[in-house]
Structure formats: structure tokens, C-alpha cells
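Colleague:
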Amino acid sequence: MFSGRKVQSGEFEAVAVPHLNDLYRTAVRLVRDPTEAQDLVQQVYLQAWKAFHRFEPGTNCRAWLFKILINEVRHYRRRWFNSKTVSEGEQSLEETLAFEPSVPEILQDEDVLAALDEVPREFREVILLADVQEFSYKEIAEMLGVPAGTVMSRLSRGRKQLRVKLAEYASANGVGRKPQEVDSYECA
Amino acid sequence: MNVPDIGDRFCEKYRKYFDAYLDHELPIETQRDMQQHIASCSECARILDSRGRMKQLVRRAVANEEAPLELVAALRGRLQLEPRSVFARSTAGWMVAAAAVLLLAIGGISLLRWDRAKVGEILRVGLVDHIHCSIVAKQWKRFVSFQEMKDAEGPSALGPEFIDLVPEVVSKLGKDYQVVGGHRCTAGERKYVHILITGANGSVLSLVITEKRSGETFAKADAASVMRASGVDIYRDRQQDQAIAGFESEKYLAYVVSNLDRDANLDVASNLAPVVYSHLHRLEL
Numbered sequence: 001m002f003s004g005r006k007v008q009s010g011e012f013e014a015v016a017v018p019h020l021n022d023l024y025r026t027a028v029r030l031v032r033d034p035t036e037a038q039d040l041v042q043q044v045y046l047q048a049w050k051a052f053h054r055f056e057p058g059t060n061c062r063a064w065l066f067k068i069l070i071n072e073v074r075h076y077r078r079r080w081f082n083s084k085t086v087s088e089g090e091q092s093l094e095e096t097l098a099f100e101p102s103v104p105e106i107l108q109d110e111d112v113l114a115a116l117d118e119v120p121r122e123f124r125e126v127i128l129l130a131d132v133q134e135f136s137y138k139e140i141a142e143m144l145g146v147p148a149g150t151v152m153s154r155l156s157r158g159r160k161q162l163r164v165k166l167a168e169y170a171s172a173n174g175v176g177r178k179p180q181e182v183d184s185y186e187c188a
Numbered sequence: 001m002n003v004p005d006i007g008d009r010f011c012e013k014y015r016k017y018f019d020a021y022l023d024h025e026l027p028i029e030t031q032r033d034m035q036q037h038i039a040s041c042s043e044c045a046r047i048l049d050s051r052g053r054m055k056q057l058v059r060r061a062v063a064n065e066e067a068p069l070e071l072v073a074a075l076r077g078r079l080q081l082e083p084r085s086v087f088a089r090s091t092a093g094w095m096v097a098a099a100a101v102l103l104l105a106i107g108g109i110s111l112l113r114w115d116r117a118k119v120g121e122i123l124r125v126g127l128v129d130h131i132h133c134s135i136v137a138k139q140w141k142r143f144v145s146f147q148e149m150k151d152a153e154g155p156s157a158l159g160p161e162f163i164d165l166v167p168e169v170v171s172k173l174g175k176d177y178q179v180v181g182g183h184r185c186t187a188g189e190r191k192y193v194h195i196l197i198t199g200a201n202g203s204v205l206s207l208v209i210t211e212k213r214s215g216e217t218f219a220k221a222d223a224a225s226v227m228r229a230s231g232v233d234i235y236r237d238r239q240q241d242q243a244i245a246g247f248e249s250e251k252y253l254a255y256v257v258s259n260l261d262r263d264a265n266l267d268v269a270s271n272l273a274p275v276v277y278s279h280l281h282r283l284e285l
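Put into C-alpha cells, the structure is as follows:
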């Protein structure tokens with residue numbers, strides 16, 4: 001039996017659709033596949049629409065949609081991968097970084113994304129939610145179903161890994177790259 | 001003077017909370033403590049600055065990704081099939097909402113309509129010359145003044161038909177961009193008019209114009225997206241790391257191709273499209 005309030009058609013559009021771009025961006029970076037990301041975002045909206053009668057007006061629709069996205073990504077990963085998670089025991093290895101290199105001032109977006117994609121998913125997830133979507137630790141903790149302390153710890157470890165990878169990209173590719181040199185053609 | 005010292009337990013105490021500080025998650029008193037320490041410790045200030053920069057870099061890079069128009073269309077289709085769908089009853093509302101999302105993404109250009117599949121082939125016509133002439137032959141590296149373009153003769157000269165387009169283009173480019181050359185060239189057995197432009201951070205742009213061949217038109221192509229700037233429909237895509245925006249007049253195809261992100265490229269194209277279209281239209285009369 002249906003519970004909850006009667007849903008107005010325009011209401012779903014007004015509160016849910018404006019978050020489409022943010023959901024898609026996050027999905028692409030989480031699954032690293034634009035086609036799968038599109039599929040996931042469609043699933044998010046289908047789930048959201050089906051459950052929208054239970055959504056309380058005035059509460060945070062964006063956080064609600066992201067929670068659905070996180071769940072959809074988990075289902076997606078269970079379908080296709082044996083999801084490798086990073087154990088808390090690996091932390092001591094990461095803590096041994098002695099000197100913290102400065103993040104280069106100019107980096108190509110492509111390099112930043114490539115470095116981010118290399119960060120383990122559990123850490124990448126919190127970086128995306130905190131740094132890009134600017135959710136609070138409390139909101140992220142609720143979305144992921146973990147304590148806020150775990151969010152902080154994953155953020156700290158994820159950012160540390162990302163800093164190291166960005167420094168590697170900057171030194172490998174040079175900062176502010178220009179198009180590749182090819183001299184074998186003439187412009188007629 | 002502060003000497004960087006990772007072993008300094010005093011600094012370590014603060015550095016543990018740098019992430020929370022940047023995320024505005026610290027209580028106000030702890031924030032004040034932190035600010036006082038930062039003001040007196042150059043190494044901690046450097047690290048905090050670096051971490052803040054990383055947050056900005058990540059935000060910018062991820063935010064450049066934009067939901068494809070096909071996704072909006074596909075979503076609409078799927079939701080219409082749902083038993084509780086609002087969309088069967090309210091297609092117009094969905095269209096308006098979707099347009100609002102895209103308006104945010106493309107900034108100031110009104111979305112008119114979208115079709116379903118891809119516009120790739122006809123946009124590739126413009127990409128070919130940009131790759132050939134700007135990227136491979138690096139024509140943008142050799143600055144050619146307007147006077148030199150005017151004085152040029154022979155098959156590579158812009159000639160009377162197109163020389164006047166240069167100042168019109170200059171007037172519509174923002175201060176961040178500079179016209180660095182203009183000529184006629186051939187790529188893939190096709191003749192092009194090519195104006196070369198450079199911008200900040202190593203961006204290289206081409207305004208490319210070519211005569212239509214039989215049956216070539218964006219209107220009949222399966223377009224991924226169509227925007228309108230001052231009455232000119234603009235079609236866009238991204239191929240081989242280059243953003244492409246194309247539009248047409250009766251007899252010509254015109255393109256802005258660059259290594260900018262798609263939105264920035266579209267901004268340039270929407271600024272140039274009206275003057276280029278008017279110029280081409282005058283040639284057609």
C-alpha cells in the first residue's frame with residue numbers, strides 16, 4: 001500500500017532535475033566510464049521518482065539523490081567487479097610520507113582527472129563528495145553509512161595519495177604543456 | 001624565522017586538522033588557533049595553501065564534465081515508460097527544466113532543441129583543417145600581422161572576400177584571445193579559409209570556413225545538440241581532444257575548433273557566429 005503524500009508532477013522536476021550535471025560528473029569519476037555513468041544516473045532518477053512520494057519537501061534533495069547514486073554505484077560494482085577495498089591497516093604505509101610536496105599551480109584538467117582516477121574508489125568517493133560537491137562530513141557520513149570519523153580518515157588518506165600522484169604527473173608531463181611537436185607536415 | 005621541520009610536534013598537531021580546516025569543519029575556536037599558527041609558520045602556510053589549491057584543481061577539473069544531451073533525452077524516454085511517470089503528462093515542464101540545467105552549463109546561450117544521435121561527420125570537416133594546419137603544422141606559432149594578411153597574394157591569401165572578416169573577428173574575441181594569422185589552405189582535398197587564434201594557457205583556436213559540398217548541411221545531420229546565438233544555430237562535439245562548434249550559412253560551413261573545454265569553445269563560437277554568418281551571407285548575395 002502506498003504511503004506518503006500526493007506528488008505533484010512539477011515538484012519532482014523542479015527539485016531533482018537541476019542536480020543532473022552534478023550527479024553525472026560524480027558518476028563518471030566513480031565508475032570511470034561515461035556510458036556506465038549515464039546508465040547509473042538514469043537509474044538514480046528512476047529510483048528517485050519511484051520513491052519521491054516519501055521525500056519530505058524542505059529536506060536536502062541533493063543529498064538524497066547522491067545517496068541513491070552511491071548505492072547504485074555499489075550495486076554496479078557488485079555486478080561487474082569484486083570490489084577491492086582498502087583496508088584500514090594500510091594506513092601506516094601512507095603515513096610515512098616525510099615531506100609534503102607543493103601541489104603545482106598549473107595543471108591540465110586531464111592530468112588532475114587521471115590522477116584522481118588512480119585513487120582507490122573509497123577515497124575518490126569522499127574527495128568528490130567533499131571537494132567537488134561540498135557536502136559536509138555529516139552529510140557524507142549519512143550517504144555512505146559510516147561514522148564521520150571514517151569520512152575524515154578516508155579524505156585525509158585520499159588527498160594524500162592524490163597529492164603524490166599530482167606531483168608525479170607534474171614532473172612527468174611538465175607544467176602547462178603545449179600541443180605535441182610534429183614537424184612532418186606542411187600547411188598548403 | 002621558521003624552519004620546516006616535519007618532526008615538530010607543534011606543527012604536526014595543527015597539520016592533522018588542515019583538511020578539516022579547509023572543509024570548514026573545525027569549531028570556531030580551533031579555527032582561530034589555526035589561523036594564529038599559520039600566520040607565524042611559513043611551512044604550515046605553504047602546505048595549507050598547497051592543499052587548498054588541490055581542492056580547487058579537483059573541483060575545476062571535475063566540474064568541467066557536463067551531462068551529455070543524449071542523457072537528458074534518454075532519461076526523458078525512460079521515465080515516460082514508468083507507470084508513475086509525470087513526464088507523459090508534463091513533457092513541456094521537463095523540457096523547460098532540462099533546458100534550465102543546460103543553460104547553467106553553457107552560460108547565456110539559449111537552448112532551442114536537440115536531436116538524438118551524432119553530428120560527428122559534418123563537424124569533422126572543420127576538425128580536419130584545424131588538426132592539419134594548427135596542431136600539426138603549427139601555423140599559430142608564426143605571427144602574421146593584419147597588414148601582412150592584407151598584402152599577401154596568391155592562393156594562400158585571404159583575398160578581398162575574407163580579409164574584412166579578420167577585424168570583425170578581432171572585435172568579437174575577448175581580451176584573452178589574439179588573432180595570430182589568417183590564410184587559405186588545403187587539407188584532405190578540401191579548401192579552407194582559416195583564421196588562427198591563440199588564448200591563455202596554451203590554447204590554440206581555429207576559425208575555419210569551407211564551401212559546402214552537395215548535401216552537406218547540419219540541418220539534416222543527426223545532431224547531438226543545437227544552440228542558438230543571435231539567430232545562428234550552433235552544433236558541437238568533442239573529438240580527438242579538440243572541442244568543435246559548427247554552424248552554417250546557405251553555401252558555407254564554419255567552425256570554431258580548439259583545445260579549450262567544450263563550454264569555453266562554445267562561448268567563443270557563439271561570440272563569433274553572428275559576425276561570421278553575416279559576412280558569409282553578404283558573400284552569398
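Chains as they are written, first to last, in the numbering used here: chain Z, 1 to 188; chain S, 1 to 285.
The C-beta atom is built at its ideal place from N, Cα and C for all residues, glycine as well.
#1: Whose CA, out of S:D33, S:M149, S:C41, S:V125, lies closest to the CA of I209 (chain S)?
#2: For Q108 (chain Z), name the three-state secondary structure that DSSP assigns.
#3: By the DSSP assignment, the alpha helix (DSSP H) with R286 (chain S) in it spans what residues?
#4: Give a yes or no on whether the C-beta atoms belonging to V257 (chain S) and V169 (chain S) are separated by under 9 angstroms.
#5: What does A63 (chain S) reach in chain Z if we use C-beta pairs closer than 7 angstroms?
#6: Step through the CB atoms of chain Z and report whether any lies within less than 9 angstroms of the CB of I47 (chain S).
#7: So, are the CB atoms of L280 (chain S) and S249 (chain S) less than 9 angstroms apart?
#8: Quick one: list the residues of chain S neighbouring R29 (chain Z), beta-carbon separation under 7 angstroms, in chain order.
#9: Hey, does R159 (chain Z) have any beta-carbon neighbour from chain S nearer than 9 angstroms?
#10: According to the neighbour-count rule (16 or more other Cβ atoms, all chains shown, within 10 Å of its Cβ), is H24 (chain S) buried or exposed?
#11: On the criterion of 16 or more Cβ atoms from any shown chain inside 10 Å, does N265 (chain S) qualify as buried, or is it exposed?
#12: Which of helix, strand or coil does DSSP assign to C41 (chain S)?
#13: Quick check: what's the CA-CA separation for V62 (chain S) versus V166 (chain S)?
#14: Could you tell me the alpha carbon to alpha carbon distance between L260 (chain S) and A243 (chain S), rounded to whole angstroms?
#15: If we cut at 9 angstroms on Cβ distances, does A264 (chain S) have a partner in chain Z?
#16: Straight-line CA distance for Y169 (chain Z) to S134 (chain S)?
#17: Is there at least one Cβ from chain S nearer than 9 angstroms to L144 (chain Z)'s Cβ?
#18: Step through the CB atoms of chain Z and report whether any lies within less than 9 angstroms of the CB of V166 (chain S).
#19: Counting Cβ pairs, one atom from each stretch, are 3 or more of them under 8 angstroms apart for the segment 36 to 55 of chain Z and the segment 143 to 154 of chain Z?
#20: Rounded to whole angstroms, what's the CA-CA distance from D19 (chain S) to R32 (chain Z)? Just pull it up for me.
#21: Alpha carbons only, please: which of Z:M152, Z:I127, Z:P18 is nearest the one belonging to K138 (chain Z)?
#22: Just curious, the alpha helix (DSSP H) that L26 (chain S) is in, first and last residue?
#23: Can you name, in chain order, every residue of its own chain whose Cβ lies under 7 angstroms from the Cβ of A148 (chain Z), other than the five neighbours on each side?
#24: Could you compute how far the alpha carbon of P68 (chain S) sits from the alpha carbon of Q35 (chain S)?
#25: Going along the segment 22 to 38 of chain S in order, which residues come within less than 7 angstroms of chain Z, judged by CB to CB distance?
#26: Given the structure, does G202 (chain S) come close to the ligand ZN, in the sense that its CB is under 8 angstroms from one of the ligand's heavy atoms?
#27: CA-CA distance, V193 (chain S) and P155 (chain S)?
#28: With R284 (chain S) and K251 (chain S) assumed to form a contact (beta carbons below 8 angstroms), what rounded beta-carbon distance in angstroms separates them?
#29: Where do the ends of the alpha helix (DSSP H) carrying S171 (chain S) lie?
#30: Can you name the residues of chain S whose CB is closer than 8 angstroms to the CB of S171 (chain Z)?
#31: Going straight from the alpha carbon of K13 (chain S) to that of E100 (chain Z), what length do you get?
#32: Taking L162 (chain Z) as the reference, give the member of S:D33, S:K55, S:S42 with the closest Cα.
#33: Determine, using beta carbons only, whether V119 (chain Z) and T26 (chain Z) come nearer to each other than 9 angstroms.
#34: So with CB distances below 9 angstroms, who are the chain Z contacts of M54 (chain S)?
#35: Opposite P59 (chain Z) in the DSSP bridges: which residues?
#36: Does any CB atom of chain Z fall closer than 9 angstroms to the CB of E66 (chain S)?
Modeller: Once the coordinates are examined:
#1: Translated into positions along the second sequence, residue 209 (chain S) becomes position 209. The candidate whose alpha carbon is nearest that of I209 (chain S) is S:V125.
#2: As a position in the first sequence, residue 108 (chain Z) is number 108, starting the count at 1. Coil, per DSSP.
#3: Summary: the structure shown does not reach residue 286 (chain S), with chain S confined to residues 1 through 285, and so no result is reported for it.
#4: Along the second sequence, one-based indexing puts residue 257 (chain S) at 257. Along the second sequence, one-based indexing puts residue 169 (chain S) at 169. No.
#5: Taking the first residue of the second sequence as position 1, residue 63 (chain S) is located at position 63. Going along chain Z in sequence order, the residues near A63 (chain S) (Cβ under 7 angstroms) are R25, V132.
#6: Numbered from 1 along the second sequence, position 47 holds the residue referred to as residue 47 (chain S). It does: the Cβ of I47 (chain S) has a partner Cβ on chain Z nearer than 9 angstroms.
#7: As a working note, residue 280 (chain S) is residue 280 in the second sequence. As a working note, residue 249 (chain S) is residue 249 in the second sequence. Cβ distance < 9 angstroms, so L280 (chain S) and S249 (chain S) count as in contact.
#8: The residue given as residue 29 (chain Z) occupies position 29 in the first sequence. Simply V62.
#9: The count along the first sequence starts at 1 and reaches residue 159 (chain Z) at position 159. It does; some Cβ of chain S falls within 9 angstroms.
#10: Along the second sequence, read from residue 1 onward, the residue named residue 24 (chain S) stands at position 24. Per the 10 Å Cβ criterion, exposed.
#11: Indexing the second sequence from 1 puts residue 265 (chain S) at position 265. Counting Cβ neighbours within 10 Å, N265 (chain S) comes out buried, since at least 16 surround it.
#12: Counted from its first residue, the second sequence places residue 41 (chain S) at position 41. C41 (chain S) falls in the coil class under three-state DSSP.
#13: Translated into positions along the second sequence, residue 62 (chain S) becomes position 62. Translated into positions along the second sequence, residue 166 (chain S) becomes position 166. Their backbone Cα atoms lie some 35 angstroms apart in a straight line.
#14: Locating residue 260 (chain S) in the second sequence gives position 260, counting from the first residue. Locating residue 243 (chain S) in the second sequence gives position 243, counting from the first residue. One C-alpha to the other measures close to 6 angstroms.
#15: For the purposes of this step, residue 264 (chain S) is taken as the residue at position 264 of the second sequence. Judged by the 9 angstroms Cβ criterion, A264 (chain S) is not in contact with chain Z.
#16: The residue given as residue 169 (chain Z) occupies position 169 in the first sequence. The residue given as residue 134 (chain S) occupies position 134 in the second sequence. So the alpha carbons of these two residues sit roughly 26 angstroms apart.
#17: Against the first sequence, residue 144 (chain Z) aligns to sequence position 144. It does not: the Cβ of L144 (chain Z) has no partner Cβ on chain S nearer than 9 angstroms.
#18: Counting from 1 along the second sequence, the entry for residue 166 (chain S) is found at position 166. No, no contact with chain Z.
#19: no
#20: Mapped onto the second sequence, residue 19 (chain S) falls at position 19. Mapped onto the first sequence, residue 32 (chain Z) falls at position 32. Each residue's Cα considered, the two are about 25 angstroms apart.
#21: Taking the first residue of the first sequence as 1, we reach residue 138 (chain Z) at position 138. For K138 (chain Z), the nearest C-alpha among the options comes from Z:M152.
#22: Numbered from its first residue, the second sequence carries residue 26 (chain S) at position 26. Here L26 (chain S) belongs to no alpha helix (DSSP H), and DSSP marks it neither H nor E.
#23: Residue numbering aside, residue 148 (chain Z) sits at position 148 when the first sequence is read from its first letter. Answer for A148 (chain Z): Y137, K138, A141, listed in chain order.
#24: As a first step, residue 68 (chain S) must be located in the second sequence, where it is residue number 68. As a first step, residue 35 (chain S) must be located in the second sequence, where it is residue number 35. Cα to Cα, P68 (chain S) sits roughly 43 angstroms from Q35 (chain S).
#25: D23, E25
#26: Of ligands this structure carries none, so the ligand ZN is not represented either.
#27: The residue given as residue 193 (chain S) occupies position 193 in the second sequence. The residue given as residue 155 (chain S) occupies position 155 in the second sequence. Cα-Cα distance, rounded: 11 angstroms.
#28: Taking the second sequence and counting its residues from 1, one reaches residue 284 (chain S) at position 284. Taking the second sequence and counting its residues from 1, one reaches residue 251 (chain S) at position 251. Arg is not the amino acid found at residue 284 (chain S); the sequence shown has Glu there. At roughly 5 angstroms, the Cβ-Cβ gap stays under 8 angstroms, so E284 (chain S) and K251 (chain S) are in contact.
#29: Here residue 171 (chain S) refers to the residue found at position 171 of the second sequence. Run containing S171 (chain S): 165 to 172, per the alpha helix (DSSP H) assignment.
#30: Counting from one through the first sequence, the residue named residue 171 (chain Z) turns up at place 171. Residues of chain S passing the Cβ test: none, with the nearest at roughly 15 angstroms.
#31: Start at 1 with the first residue of the second sequence, and residue 13 (chain S) comes out as number 13. Start at 1 with the first residue of the first sequence, and residue 100 (chain Z) comes out as number 100. Approximately 15 angstroms, taken between the alpha carbons.
#32: The residue labelled residue 162 (chain Z) in the question sits at position 162 within the first sequence. That would be S:K55, whose Cα lies nearest to the Cα of L162 (chain Z).
#33: One-based indexing of the first sequence puts residue 119 (chain Z) at position 119. One-based indexing of the first sequence puts residue 26 (chain Z) at position 26. It is not a contact, given that the beta carbons lie outside the stated cut-off.
#34: On the second sequence, position 54 is the one that residue 54 (chain S) refers to. In chain order: V103, V112, D131, R159, L162, R163, L166.
#35: Indexing the first sequence from 1 puts residue 59 (chain Z) at position 59. The residue asked about is misnamed: residue 59 (chain Z) is Thr in this sequence, not Pro. The partner list for T59 (chain Z) (beta bridge, DSSP) is empty, contrary to what the question assumes.
#36: What you label residue 66 (chain S) is simply residue 66 of the second sequence in a count that begins at 1. Taking Cβ atoms only, chain Z reaches closer than 9 angstroms to E66 (chain S), which makes this a yes.
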